[in-house]
Amino acid sequence: MRAVVEPLEGNKVKLSVEVEEQEFEKAVDAAFRKFSSEVRVPGFRPGKTPRRLLEARIGVEAARQEALRESLPDYYAEALRQTEVDAIAQPEIDITSGQQQGPVAFDAVVEVRPEVSIAGYNGLKVTIPSPVAADDDVDRQIERLREQFGELTAVGRPVQDRDHVTIDLHAERDGEAVAGLSVDDYLYEVGTANLAPKLDEQLRGTKVGD
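Following the working numbering, the numbering of the sequence shown begins with 4 at its first residue and continues without gaps.
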């Protein structure tokens, strides 16, 4: 992987990152293994479907999209480490190539910690310890990026926490609909308890069409 830094105005930089096709192929292969465990193909147990059958059934482009969703946060984090960029905000990422074939390239514009220059203090030395990010901090940052750039895909298993479901909500009082409290095709993340107290309990274990 190669990363180049370009300074921008307003305490921002642009990271131009390129991932070789051979390296990205590992992420694509991992995506097909994931599909193999989720997609039911007659004659094959879950996780045992050959990749060539999945390519014919799902397509390589879908696997590349899944690979990008999973690996892009890791590539970005590695680019920060390679270039020693001190990012202090979420990046704006633009994938410039590789979504369908070939090596992957993307630009990440991110705000960095400004450099402070104070005149009149020549010779003054201040030692500031370098902050070290804990593994948990890095994991949380990677997870936030995955959620930020993730794409929803349909699954055949029962609903569980952190799944996103599309539901129709209808409120009634004494058998009559309550105006303003009904909505169709509402996208809801199971397990957040953001709506009715028992809604998460009712959704867990359901399937499409229930």
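For every residue, glycine included, the Cβ atom is placed at its ideal position computed from N, Cα and C. Since this is a predicted model, take the numbers as computed values, not measurements.
Cβ-Cβ separation, residue j to residue i (assumed contact under 8 Å), whole Å
i, j, result
"VAL186", "LEU172", "5 Å"
"VAL211", "ASP164", "That belief does not hold up - the Cβ atoms of VAL211 and ASP164 are roughly 17 Å apart, past 8 Å."
"ASP142", "VAL115", "With 8 Å as the limit, ASP142 and VAL115 do not qualify as a contact, their Cβ atoms being about 22 Å apart."
"LEU11", "VAL112", "7 Å"
"GLY41", "GLY208", "At residue 41 the sequence reads Glu, which differs from the Gly that was named. The pair is not a contact, with the Cβ atoms about 17 Å apart (cut-off 8 Å)."
Assigned secondary structure, residue i (DSSP; H/G/I helix, E/B strand, else coil)
i, result
"GLU28", "helix"
"PRO10", "strand"
"SER133", "coil"
"ALA65", "helix"
"LYS15", "strand"
"ILE96", "strand"
"THR52", "coil"
"PHE47", "coil"
"ARG36", "helix"
"VAL113", "strand"
"VAL141", "helix"
"ALA70", "helix"
"ALA59", "helix"
"ALA82", "helix"
"LEU206", "helix"
"LEU198", "coil"
Residues bridged to residue i (per DSSP)
i, result
"ARG5", "GLU21"
"LEU127", "Partner(s): none; LEU127 has no beta bridge."
"ARG176", "GLU179"
"LEU190", "THR169"
"VAL162", "DSSP, once it has assigned bridges, lists no residue as partnering VAL162."
"ALA90", "VAL115"
"ALA157", "DSSP, once it has assigned bridges, lists no residue as partnering ALA157."
"VAL42", "Beta-bridge pairing links VAL42 to no other residue."
"ALA108", "GLU21 and SER100"
Buried or exposed (CB count within 10 angstroms, at least 16 for buried), residue i
i, result
"LEU75", "buried"
"PRO94", "buried"
"ARG60", "exposed"
"GLN39", "Looking at the sequence provided, one finds Ser at residue 39 rather than Gln. Label assigned to SER39: buried."
"THR130", "exposed"
"TYR78", "buried"
"ILE96", "buried"
"ALA82", "buried"
"ALA92", "exposed"
"ALA3", "Residue 3 cannot be examined here, being either before or after the span of the chain that is shown, 4 to 213."
"ALA34", "buried"
"LEU190", "exposed"
"GLU175", "exposed"
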